[in-house]
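The block underneath contains the structure these notes are about, expressed in structure tokens.
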Amino acid sequence: MSTTAIEHNLSSLQAFGDHPLDVRETDHYREEYIQTFVQKWDAIIDWDARSRTEGSFFVDHLKQRGAHKVLDVATGTGFHSVRLMNAGFDVVSADGSAQMLFKAFENGKRYGQVLRTVQADWRWLNRDIHGKFDAVVCLGNSFTHLFNENDRRKALAEFYAVLRHDGVLILDQRNYDAIVDRGYSSKHIYYYCGENVSVQPTHVDEGLARFEYGFPDGAKFHLNMFPLRKTYTQRLLREVGFQRVDTYGDFQETYRDHEPDFFIHVAEKRYRGEEPST
Numbered sequence: 001m002s003t004t005a006i007e008h009n010l011s012s013l014q015a016f017g018d019h020p021l022d023v024r025e026t027d028h029y030r031e032e033y034i035q036t037f038v039q040k041w042d043a044i045i046d047w048d049a050r051s052r053t054e055g056s057f058f059v060d061h062l063k064q065r066g067a068h069k070v071l072d073v074a075t076g077t078g079f080h081s082v083r084l085m086n087a088g089f090d091v092v093s094a095d096g097s098a099q100m101l102f103k104a105f106e107n108g109k110r111y112g113q114v115l116r117t118v119q120a121d122w123r124w125l126n127r128d129i130h131g132k133f134d135a136v137v138c139l140g141n142s143f144t145h146l147f148n149e150n151d152r153r154k155a156l157a158e159f160y161a162v163l164r165h166d167g168v169l170i171l172d173q174r175n176y177d178a179i180v181d182r183g184y185s186s187k188h189i190y191y192y193c194g195e196n197v198s199v200q201p202t203h204v205d206e207g208l209a210r211f212e213y214g215f216p217d218g219a220k221f222h223l224n225m226f227p228l229r230k231t232y233t234q235r236l237l238r239e240v241g242f243q244r245v246d247t248y249g250d251f252q253e254t255y256r257d258h259e260p261d262f263f264i265h266v267a268e269k270r271y272r273g274e275e276p277s278t
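Here the sequence shown is numbered in this note's numbering, starting from 1 and rising by one per residue.
Here it is in structure tokens:
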């Protein structure tokens, strides 16, 4: 095998070392989203199917609150940035992965949109992102890449700070409560809609959910994520300063906690003081 071929082969491998279950670090996401994985990411999502299943949920919530300027902090390959731009929002697209942003920009052009992309680490978001936004969206289970509680608090504080006084944060996560307590059972209806792609955990404990993504050509990739509990996430949002947190299960307002595949938290910054006594 030539040196060039060897280098290409190595560049297509994720780096988890000899003990992948011990890899529980926030910064490791940079080693996970390698080019070969990013190129296959849209096969997991299936843009058309996901558009149908989530409907206008995010657009409706943003419009109900009068939002116009939106910061998509987990752009990935650009699905939500493009959808929001098509709906008339002014969007800035940020991600920690340069590979993801490159793919997102390509996807945007394919759908007739020119994305304004910024590579930014959430923990220093306001260093790299300037101005205030009506809304921040952090979607695609991305927040679970943060393994350290200080990192989670710092990221949420940065989201809070970049919002206008009456802004809103929309953040989603897998239903890790059900996965940890009951085992994995996903309908694959709402988020990962791609056909002939397998998504399943290979290890779950209170500090790690390791997922495997398998493709028809035999390629397999992994992501190590922190299994956030729903009430824990709600508490962090409130402790950072968000005044109201409404949580939806698979886009529904009412649900049984073990049933949804995903939770979507809608957190409002608008200050709600005590009602004056009469």
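Heads up, the beta-carbon is just placed ideally off N, CA and C, and yes, glycines get one too.
{"Query": "Local conformation of threonine 254 per DSSP, three classes", "Result": "coil"}
{"Query": "Proximity below 8 angstroms, CB of arginine 24 to CB of phenylalanine 147", "Result": "yes"}
{"Query": "6 angstroms CB neighbourhood of leucine 237 in its chain, flanking five on each side removed", "Result": "Val245, Ala267"}
{"Query": "Closest Cα partner of histidine 68 within the set Phe133, Tyr29, His28", "Result": "Phe133"}
{"Query": "Beta-carbon proximity list for proline 20, same chain, < 6 angstroms, skipping 5 on both sides", "Result": "none"}
{"Query": "Beta-carbon proximity check, glutamate 158 vs arginine 123, cutoff 8 angstroms", "Result": "yes"}
{"Query": "Of the listed residues Tyr248, Phe221, Tyr184, Asn126, nearest to lysine 230 (C-alpha basis)", "Result": "Tyr248"}
{"Query": "Nearest-angstrom Cα separation, counted from alanine 94 out to glycine 88", "Result": "18 angstroms"}
{"Query": "Endpoints, the beta strand (DSSP E) within which alanine 157 is located", "Result": "Element bounds for alanine 157: not the beta strand (DSSP E) but the alpha helix (DSSP H), 149 to 162."}
{"Query": "Sequence-distant residues of the same chain with beta carbon closer than 6 angstroms to valine 82, five excluded per side", "Result": "Gly108, Tyr111, Gln113"}
{"Query": "Option nearest aspartate 72 by Cα separation, candidates Asp18, Asp46, Gly96", "Result": "Gly96"}
{"Query": "Contained alpha helix (DSSP H) runs [length at least 4] in the segment 39 to 82, N- to C-terminal order", "Result": "47 to 54, 57 to 64"}
{"Query": "Cβ shell of valine 59 (< 6 angstroms), same chain only, five flanking positions each side left out", "Result": "Ala87"}
{"Query": "Other residues of its chain near arginine 182: CB distance less than 7 angstroms, five sequence neighbours each side excluded", "Result": "His258"}
{"Query": "Cα-Cα separation, threonine 26 to aspartate 151", "Result": "8 angstroms"}
{"Query": "Close beta carbons around threonine 144, own chain, < 8 angstroms, minus the five adjacent residues each side", "Result": "Gln173, Arg174, Tyr176, Ala209, Met225, Phe226, Pro227, Leu228"}
{"Query": "Residue from Ala49, Ile45, Glu212 whose Cα sits closest to the Cα of leucine 139", "Result": "Ile45"}
{"Query": "Helix, strand or coil at glutamine 119 according to DSSP, with G and I counted as helix", "Result": "strand"}
{"Query": "For glycine 249, the first and last residue of its enclosing alpha helix (DSSP H)", "Result": "Counting along the chain, glycine 249 falls outside any alpha helix (DSSP H), though it belongs to the beta strand (DSSP E) covering 244 to 249."}
{"Query": "Extent of the continuous beta strand (DSSP E) to which aspartate 95 belongs", "Result": "90 to 95"}
{"Query": "Burial state of glutamate 206, where buried means 16 or more other Cβ atoms lie within 10 Å", "Result": "exposed"}
{"Query": "Per-residue DSSP class, three states only, for serine 142", "Result": "helix"}
{"Query": "Among Trp41, Ile129, Lys40, nearest to valine 70 - alpha-carbon criterion", "Result": "Ile129"}
{"Query": "Exposure label - alanine 15; buried when at least 16 CB within 10 Å", "Result": "exposed"}
{"Query": "Cβ pair tyrosine 33, glutamine 99 closer than 8 angstroms", "Result": "yes"}
{"Query": "Bridge partners - isoleucine 264, DSSP secondary structure assignment", "Result": "Asp172, Tyr248"}
{"Query": "Beta-carbon spacing of leucine 62, alanine 135 below 8 angstroms", "Result": "yes"}
{"Query": "Distance, serine 198 Cα to arginine 30 Cα", "Result": "22 angstroms"}
{"Query": "Bridge partners - arginine 304, DSSP secondary structure assignment", "Result": "Nothing can be reported for residue 304, as the shown portion of the chain is limited to 1 through 278."}
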